[in-house]
Amino acid sequence: MLLIHLSNNVFKLYYCNTLLNSDLLYLNKSSFTIDVKSKENEGFVGFFDWLRSDEFTIIGIRICYFEDLLYNELLLKFPYVNSTFDGKFTEILFKGNSYSSELSGDQDFTNNYVYHSQDNDFIFTFGLDHLTENELSSLLENCEVLNEEDLLGSRYPEAGVLT
Amino acid sequence: MVGGANAERFRTLFGSNEVGAKAVLDNIKNVKIPEGLTRESMQAYRELITRVGDTRGTQAIRAKILDQLLK
Chain G
8 MLLIHLSNNV FKLYYCNTLL NSDLLYLNKS SFTIDVKSKE NEGFVGFFDW LRSDEFTIIG
68 IRICYFEDLL YNELLLKFPY VNSTFDGKFT EILFKGNSYS SELSGDQDFT NNYVYHSQDN
128 DFIFTFGLDH LTENELSSLL ENCEVLNEED LLGSRYPEAG VLT
Chain U
4 MVGGANAERF RTLFGSNEVG AKAVLDNIKN VKIPEGLTRE SMQAYRELIT RVGDTRGTQA
64 IRAKILDQLL K
């Protein structure tokens, strides 16, 4: 799954090759708690499109959360998140500044969870299971790869997690 | 009702993006509803997609698929 870590003026992408099912994640020694709404909805909180510059290359993501969840408004507080289509969608470009609209209509919806830290950083997760090998490779160029143990805190006993 | 395991069932039903959905719609008479996907879940999904934008018409095609299957 893809994890986008959003903090004040910067975002960073992480990739984990397993699907995580946890109320708590650890990243950079900070803990992140799952947002109740995304948990209640089992990771189906809206739709997302992978933004492609060509049929093999993913350069961003477009998201449209259900309007009652306020996640769109939350995302737009970050300066690197763009509002598009009259405010119905938010977009984050990982690299470059243009994509092919014709290749960017996935409307995917799996494993989309939201986590927050005490410092008001956020992690948004996205399922990747229908991407092609080439698409995934292009995405990974922008990601730091983490494993499940990293994210579940097993390697940070000082975080208070029993392994 | 539409998340978790059902999300995977919807994925199976719709395929990927508007191209996948169009292929399903064009072959709607032969479409088999994924095992475990209930009428109530399909109705819930049908209602949810009226609440989001649809830049490529993907959801509109999915709506037509569901309308056919829910007849």
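Each protein sequence line maps, in turn, to chains G and U.
If you read the first sequence in our numbering, its first letter stands for residue 8, the second for the next number, and so on.
If you read the second sequence in our numbering, its first letter stands for residue 4, the second for the next number, and so on.
Every residue, glycine too, gets a C-beta built ideally from N, C-alpha and C.
This structure is a prediction, so every number in the text was calculated from the model and none was measured.
**Prompt:** So which residues of chain U does K95 (chain G) contact, with C-beta pairs closer than 8 Å?
**Reply:** In the first sequence, residue 95 (chain G) corresponds to position 88, counting from 1. V55, G56, listed in chain order.
**Message:** Please list the terminal residues of the continuous alpha helix (DSSP H) segment that includes F13 (chain U).
**Reply:** Here residue 13 (chain U) is taken as the residue at index 10 of the second sequence, counted from 1. Counting along the chain, the alpha helix (DSSP H) containing F13 (chain U) begins and ends at 8-17.
**Message:** With a threshold of 6 Å on Cβ separation, who are the neighbours of K67 (chain U) within its own chain once the five nearest residues in sequence on each side are excluded?
**Reply:** By 1-based counting over the second sequence, the position of residue 67 (chain U) is 64. Closer than 6 Å at Cβ, skipping near neighbours: L28.
**Asked** Closer than 7 Å: is that where the CB of I68 (chain U) sits relative to any heavy atom of the ligand SAH?
**Response** Among the components modelled here there is no ligand, and therefore nothing to report on the ligand SAH.
**Asked** How many Å lie between E43 (chain U) and D136 (chain G) at the Cα?
**Response** Translated into the one-based positions of the second sequence, residue 43 (chain U) becomes position 40. Translated into the one-based positions of the first sequence, residue 136 (chain G) becomes position 129. Their backbone Cα atoms lie some 25 Å apart in a straight line.
**Prompt:** By DSSP, does D126 (chain G) sit in helix, in strand, or in coil?
**Reply:** In the first sequence, counting from the first residue as 1, residue 126 (chain G) sits at position 119. Looking at D126 (chain G) - three-state DSSP - the assignment turns out to be coil, as it is neither helix nor strand.
**Prompt:** In or out: T170 (chain G) buried (at least 16 other Cβ within 10 Å) or exposed?
**Reply:** In the first sequence, counting from the first residue as 1, residue 170 (chain G) sits at position 163. Model confidence at T170 (chain G) stands at a pLDDT of 36, short of 50, so the residue's coordinates are unreliable; what they give is reported in the following sentence. Exposed, by the Cβ-count rule.
**Message:** As a quick exercise: from G:G103, G:F54, G:G112, pick the residue whose alpha carbon is nearest that of V55 (chain U).
**Reply:** Within the second sequence, the letter at position 52 stands for residue 55 (chain U). With distances taken between Cα atoms, V55 (chain U) lies closest to G:F54.
**Integer Cβ distance of C172 (chain G) from Y33 (chain G), believed to fall under 8 Å** = Because residue 172 (chain G) is not part of the residues shown, which for chain G are 8 to 170, the question remains open.
**Prompt:** Quick one: which chain G residues come within Cβ less than 9 Å of T61 (chain U)?
**Reply:** By 1-based counting over the second sequence, the position of residue 61 (chain U) is 58. What T61 (chain U) touches in chain G, judged by beta-carbon distance under 9 Å, is F54, D56, G112, D113, Q114, going in chain order.
**Message:** Taking only three categories from DSSP, how would you classify R54 (chain U)?
**Reply:** Position 51 of the second sequence holds residue 54 (chain U). Helix, per DSSP.
**Asked** Does DSSP put T61 (chain U) in a helix, in a strand, or in coil?
**Response** Your numbering for residue 61 (chain U) matches position 58 in the second sequence. It is helical.
**Request:** Check whether the region 11-31 of chain G touches the region 150-161 of chain G, counting contact only when three or more Cβ pairs, one atom from each stretch, lie closer than 8 Å.
**Result:** At 8 Å Cβ cutoff, the stretches touch.
**Identity of the residue in U:L16, U:L51, U:F13 nearest D75 (chain G) by Cα** = On the first sequence, residue 75 (chain G) is found 68 positions in, with the first residue counted as 1. Out of U:L16, U:L51, U:F13, U:L51 has the C-alpha closest to the C-alpha of D75 (chain G).
**Message:** Quick check: the Cα distance between V168 (chain G) and Q125 (chain G), rounded to an integer number of angstroms?
**Reply:** One-based indexing of the first sequence puts residue 168 (chain G) at position 161. One-based indexing of the first sequence puts residue 125 (chain G) at position 118. Per-residue confidence for V168 (chain G) stands at a pLDDT of 43, beneath the threshold of 50, marking its modelled position as unreliable; the derived number appears in the next sentence. Those two C-alpha atoms are separated by around 17 Å.
**Message:** Please classify Y87 (chain G) as buried or exposed, where buried requires at least 16 neighbouring CB atoms within 10 angstroms.
**Reply:** Against the first sequence, residue 87 (chain G) aligns to sequence position 80. Y87 (chain G) should be labelled exposed.
**Request:** Flag N104 (chain G) as yes if its beta-carbon sits less than 8 Å from any beta-carbon of chain U, otherwise no.
**Result:** Counting from 1 along the first sequence, the entry for residue 104 (chain G) is found at position 97. So, not an interface residue.
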